[in-house]
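Note sheet for the following structure.
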Amino acid sequence: MHNCKTTKEQLIEAARGPAMPSSPLLEELERCPACRGELASLRSLFRVTDLAFESTSPPENFWPGHHARLKQSLERETSPAFLPPVENATLALLRSLFTTSIRVPIPLAAVLVVFFGLSIAFAMESRRRPATAVLSGTSTVVTKTLEVPVIRDRTVTRVVYRDRGPRMDSSGFRPPQLARNRIKIAGGSDEPTANSPISLVGFKPTSDPKLTIIKGSYRDEK
Amino acid sequence: VANNENDLIGRAQAADMEAFCLLAKEYERRIYLLAFHYCHNAEDAEDLSQEVWLKAYQALGTFRAESSFYTWLRRITINCFLNHQRARRYSWRGEETEVHSLGLESIANEYLMTSANSETSLNNRIMAARVMQALSELTPPQRLIFLLKHHEGMTYEEIAKAVGCSQGAAKKSVFRAVAKLREHLEIEVETGTAFSSLQTKMQIGV
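Laid out in structure tokens, this is it:
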């Protein structure tokens, strides 16, 4: 099946090549007069172009001068006086870092620029906010949870009983205290102090005594 | 010749400037013409070709003879063209100077002043002006790709590799150049008529 579009792609090659195209292309051309016409047109077009290039080329007497200029330029540029100073590796790296360019697709570049712009705008806005709050005098409510140490006081109630001494009589005589002052503390027990005399008040002898005989000198020996 | 070239390359790699100049003499025309058809300005073409040779001299130590010397040199040339194109956008001065100087009136004046020129050569120059005009309307990469295809006979694969584009893009550039050339050379019929009338006017002294 002949396809003009596919054949036309080969025609440029054929028009530049030998007068007789390859046999598969020749078969295609025999079948299609339009493609034959296209080939003929391309051949004449390239012939004209070749002629045009030839006619604009410099004349023969141009070349010796051109070669002399080229030689002079090469000798000048490669002479040690004109050679660039040797750069150290760091400088060369820096230079390449700042002069290297990369190709970035336009949509990606646009997105990056917009993102960069927005981030700058947000940064400026966030910086401006506290300043405006101070200037306008408005206070902001900030909720914070603070831990405050609470001192828990324990109230101890003590009831103190105190023996009353003999009252002064009308003549202002106070009799000396005979018995010890006994202080009874609620929940406490009566304890004899070193100063108080031993008394057997409240002692009751038991009617059924138990006897324990202790033998030997060891504690557990019975 | 190959032995001689290899010998020259070996000597040039050993910093023999004379040997390098002999090598340059062998290929300088091809490089200059490629540069000239690319930028269409004699001065720029001279600068570009000198730059190519200087870079080739500096990089000669890296030549490993894996390809022919010219293929290696052409790669340097293409890189040089592309770098120049990036560094300094050619304003296609040919459009203003060269093509303008090849304009119909100037060609006719030249023809009248130097009667030795034949009519065929005159027609060729007019045709050349149209071809250059067509090429001037292409972008520099498209023009370079067309020149590599037409002038150098490179395959699309080689072009794509050398220029750093896809084969499809290389094909597209060549098709676009062909379309431009067709467009301008069809106008050629009209300009031929215009030129004839101009010539007639000049002859009768109007």
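Chains as they are written, first to last, in the numbering used here: chain A, 47 to 268; chain B, 106 to 311.
In this text, a Cβ means the ideal position worked out from N, Cα and C, and glycines have one as well.
Predicted model, so just to flag it, every value in this text is computed and none were measured.
The beta carbon of M66 of chain A is closer than 8 Å to those of L72 in its chain, skipping five residues each way along the sequence. Pairwise C-beta distances place the stretch 109-117 of chain B out of contact with the stretch 144-158 of chain B, as fewer than three of them are shorter than 8 Å. When C-beta distances to chain A are compared with 8 Å, the residues of the stretch 111-126 of chain B below that value are M122, F125 and C126, in chain order. A167 of chain A has a beta carbon lying at 8 Å or more from every beta carbon in chain B. Between K285 of chain B and E242 of chain B, the C-beta gap is smaller than 8 Å, which places the two residues in contact.
For V268 of chain B, the enclosing alpha helix (DSSP H) stretches over residues Y261 to V268. For R204 of chain A, the secondary structure class from DSSP, reduced to helix, strand or coil, is coil. DSSP places E100 of chain A in the uninterrupted alpha helix (DSSP H) bounded by P79 to T102. Look at I58 of chain A: its C-beta is under 8 Å from a C-beta on chain B.
Sixteen is the threshold: since fewer than 16 other Cβ atoms of the shown chains lie within 10 Å of the Cβ of S271 of chain B, the residue is exposed.
For E133 of chain B, the C-beta contacts it makes with chain A under 7 Å involve H112, H113 and L116, in order along the chain.
Excluding residues up to 5 positions away in sequence, nothing lies with its Cβ nearer than 8 Å to the Cβ of T145 of chain A in the same chain. For E123 of chain A, the nearest CB of chain B lies under 8 Å from its own CB, placing it at the interface with that chain.
Between L178 of chain B and L252 of chain B, the C-beta spacing is not below 8 Å.
In terms of Cα proximity to L88 of chain A, the closest of A:E59, A:S253, A:C50 and A:P153 is A:E59. Taking 8 Å as the threshold, the shortest C-beta distance from V279 of chain B to chain A falls below it.
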